[in-house]
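Inspection log for the structure reproduced underneath, given as structure tokens.
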Amino acid sequence: MPLLLAAVSITGCNSQGSPSGQTGQAGQAGEAASAGSGSSATAKILIATQSPLSGSQSAIGDSIKTGAEYALRLQQDEFKQMGFDLQLFPQDDQADPKIGVTNAEMLVSNPDVLGVVGHFNTGVAIPASVKYETGSLVMVSPANSGVQLTEEGKKTVHRICARDDAQGPKGAKYAKETLGVKSVFLLHDKTAYGQGLVDQVKAQFEKDGVQVLGYEGVNQGEKDYNFVINQVVAKNPDLIYFGGIYPEAGILVKQAREKGFKGVFMGGDGIDSPDLIKIAGPEAAEGVVFTSLAGDVKQTEEGRKWAEEYEKTMGKKPETYSVYAFDSMNVILNGIKQAIKANGGQKPTREQVLEAVHKTKDFQGQFVKVSFDAKGDNQYADVFIYKYEKDKTTFLGKIE
783 MPLLLAAVSI TGCNSQGSPS GQTGQAGQAG EAASAGSGSS ATAKILIATQ
833 SPLSGSQSAI GDSIKTGAEY ALRLQQDEFK QMGFDLQLFP QDDQADPKIG
883 VTNAEMLVSN PDVLGVVGHF NTGVAIPASV KYETGSLVMV SPANSGVQLT
933 EEGKKTVHRI CARDDAQGPK GAKYAKETLG VKSVFLLHDK TAYGQGLVDQ
983 VKAQFEKDGV QVLGYEGVNQ GEKDYNFVIN QVVAKNPDLI YFGGIYPEAG
1033 ILVKQAREKG FKGVFMGGDG IDSPDLIKIA GPEAAEGVVF TSLAGDVKQT
1083 EEGRKWAEEY EKTMGKKPET YSVYAFDSMN VILNGIKQAI KANGGQKPTR
1133 EQVLEAVHKT KDFQGQFVKV SFDAKGDNQY ADVFIYKYEK DKTTFLGKIE
């Protein structure tokens, strides 16, 4: 791998840039439109990422972008030998549906863009996918778990992770059977992801006889949730379950502990970020458990070596979704290579790439095996469980 990396051209892909070194956001539509112009237009292939690269959710968004970039770098030389200039085209959707849609429109308008790795937020992915569908632009998500995303019948939409109707029930069963939870207070962030996940958790808890003491929504971006924490503490549940993202989760954990809550705090994959420890504080964060759609790649010797090379090359440690973004990019690139071969070595159309990716069967990624069903869901997706320590997260295993 070091020899391969040395041979790979990595110019033109900065931490948040377009192929030409610009920011790659929707405002740079002019740069995007001209990215494939000139004498090398027929040889240029752009693969976009869409994730929050600024704002409160940028930590996870950057891990998705960086994981995808690492996979692309490792294959740039191979594509060059086939006569193609393969480049990353990262977009900052800012976890905002409107910006995600604007970015998607720009990507669809650029004929050199043949695939998208993203998104992080289901509430952004669903409206953006409408635009991808009109342009036959294939999307492979490393993180979107909302059930609705693949239930709408769009052929362009794919994900390699599990859905919330797997994550939610498995998390609820773990809470009851392993943590011994008998009562729960449910909180969500009013988003398609957060509320959708909590609804799945609620249904499983009720089915299993766990008492649901409350169900409340909070607004993203606020700094004080004591109004709802007071309600929670008064009910004294064994468990607080939060469906949402780590910035809000960190505040909720901190304020719940300050109010004397002694029970377990649990959430879904959205609260998986080292930044939660910074926000909540090490003492409050310790013991928080969460389900994840991605396992720990470092559980094997091969995975540990991969993580070392990743950090050496990208200058940062891989996070949970770095690996799934890496695998999502490789699924797209594998489809493109198949489409190139089927097209006689020439640059394929988006429709040809979409068909090849949609037919992905038994593709072995770095961590997850991928076979898409008719809806675009991965038949090999699993759910995992982690726990926060004061300064790290500990992988507890796969939830059966």
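To convert, count from 1 in the sequence shown and add 782; that's our numbering.
Every residue gets a Cβ at the ideal spot worked out from N, C-alpha and C, and that includes glycine.
Check the C-beta distance from LEU835 over to ASP874 and give it rounded, since I have them as a contact under 8 Å. Your numbering for residue 835 matches position 53 in the sequence shown. Your numbering for residue 874 matches position 92 in the sequence shown. Indeed, because the Cβ distance is near 4 Å, the residues count as touching under 8 Å.
Which parts of the stretch 908-994 are runs of the alpha helix (DSSP H), unbroken and 4 residues or longer, counting only runs that do not cross its ends? 930-933, 946-959, 974-990
Determine the extent of the beta strand (DSSP E) in which PRO872 is found, giving its start and end residues. Reading the sequence shown from its first residue, position 90 is the one you call residue 872. Looking at the DSSP string, the run of the beta strand (DSSP E) that includes PRO872 is 867-874.
So PHE861 is in the alpha helix (DSSP H); what residue range does that whole segment cover? Along the sequence shown, read from residue 1 onward, the residue named residue 861 stands at position 79. 840-863 is the extent of the alpha helix (DSSP H) around PHE861.
Opening and closing residue of the alpha helix (DSSP H) in which PHE1108 lies: The residue you call residue 1108 lines up with position 326 of the sequence shown. Looking at the DSSP string, the run of the alpha helix (DSSP H) that includes PHE1108 is 1102-1124.
Cβ neighbours of PRO1019 in the same chain (closer than 7 Å, five flanking residues each side left out): Here residue 1019 refers to the residue found at position 237 of the sequence shown. Excluding residues within five positions, the ones whose Cβ falls inside 7 Å are SER965, VAL966, PHE967, LEU995, GLY1045.
Looking at C-alpha atoms only, which residue of SER911, THR904, VAL906, GLY1179 is the closest neighbour of GLY897? Looking up residue 897 in the sequence shown gives position 115. The shortest Cα separation from GLY897 among SER911, THR904, VAL906, GLY1179 belongs to SER911.
Between GLY999 and the rest of its own chain, which residues show a CB-CB distance below 6 Å, the 5 nearest in sequence each way excluded? Looking up residue 999 in the sequence shown gives position 217. Contacts found: HIS970, LYS972.
Tell me the residue span of the alpha helix (DSSP H) that contains SER891. For the purposes of this step, residue 891 is taken as residue 109 along the sequence shown, with counting starting at 1. That run of the alpha helix (DSSP H) goes 879-891.
What is the DSSP secondary structure of ALA1156, reduced to helix, strand or coil? Within the sequence shown, numbered from 1, the residue matching residue 1156 stands at position 374. If DSSP states are grouped into helix, strand and coil, ALA1156 belongs with coil.
Can you check whether the CB of ILE1011 is closer than 9 Å to the CB of LEU979? Along the sequence shown, read from residue 1 onward, the residue named residue 979 stands at position 197. Along the sequence shown, read from residue 1 onward, the residue named residue 1011 stands at position 229. Result no, Cβ atoms of LEU979 and ILE1011 do not sit closer than 9 Å.
What is the DSSP secondary structure of TYR1162, reduced to helix, strand or coil? Taking the first residue of the sequence shown as position 1, residue 1162 is located at position 380. Of the three classes helix, strand and coil, the one that applies to TYR1162 here is coil, per DSSP.
How about PHE871 and VAL890: are their beta carbons less than 9 Å apart? Locating residue 871 in the sequence shown gives position 89, counting from the first residue. Locating residue 890 in the sequence shown gives position 108, counting from the first residue. Not in contact: PHE871 and VAL890 (Cβ atoms no closer than 9 Å).
In terms of alpha-carbon separation, which member of VAL883, ASN1116, PHE1072 lies closest to LYS1169? Here the question's residue 1169 lines up with position 387 in the sequence shown. The option with the nearest alpha carbon to LYS1169 is PHE1072.
Beta carbon of GLN982, beta carbon of GLN949: below 9 Å? Here residue 982 corresponds to residue number 200 of the sequence shown, with the count starting at 1. Here residue 949 corresponds to residue number 167 of the sequence shown, with the count starting at 1. Going by C-beta atoms, GLN982 is nearer than 9 Å to GLN949.
Taking the alpha-carbon positions, what's the GLN993 to GLY1085 distance? Here residue 993 refers to the residue found at position 211 of the sequence shown. Here residue 1085 refers to the residue found at position 303 of the sequence shown. Going by the C-alpha atoms only, they are around 40 Å apart.
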